[in-house]
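As structure tokens, the structure follows; a few thoughts come after it.
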Amino acid sequence: MANITKEDILRTADLVRLELTDEEAAMYSEQITEIITFTEKINEINTDGVKPTTNGNATTNVLRKDEPVVWENREKALENAPELEERQIKVPSIMD
């Protein structure tokens, strides 16, 4: 049985730059442990003779083909950017 500790939650929150209180971390620890415990029950299901699948429905891609296009509004977009660097929009760093 998986057990996600409050410390696991706090460490993960720190990695993704979230600030959590000890109470929130304890709550999430309990909730995530319950979710993992529940999903582990899937391993108990007998799937002998069941064909592997990723989706129960026959689906096809209905989106257009992804092809590059020339965008004519580049200058207008750059005018609205708060900061530019070498004609590209500069954003704050997220890495330490």
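Sequence positions in the sequence shown follow this note's numbering and run 212 to 307.
Note that beta-carbon positions come from the ideal geometry of N, C-alpha and C, so glycine has one too.
Everything numeric in this text was worked out from a predicted model, so none of it was measured.
Item	Value
Is it right to say Ile247 is buried, meaning 16 or more other beta carbons lie within 10 angstroms of its own, or is it exposed?	exposed
Return yes when the Cβ of Asn214 is within less than 8 Å of the Cβ of Thr244, no when it is not.	yes
Excluding the five sequence neighbours on either side, which residues of its own chain have a C-beta within less than 8 Å of the C-beta of Leu308, listed in chain order?	In the structure as shown, the chain starts at 212 and stops at 307, and residue 308 therefore has no counterpart that could be examined.
I think Lys276 touches Ser240, with their Cβ atoms under 8 Å apart; what is that distance to the nearest whole Å?	The pair is not a contact, with the Cβ atoms about 45 Å apart (cut-off 8 Å).
What are the start and end residues of the alpha helix (DSSP H) that includes Ser240?	233-251
Hey, Leu226 and Ala236: beta-carbon distance below 8 Å or not?	no
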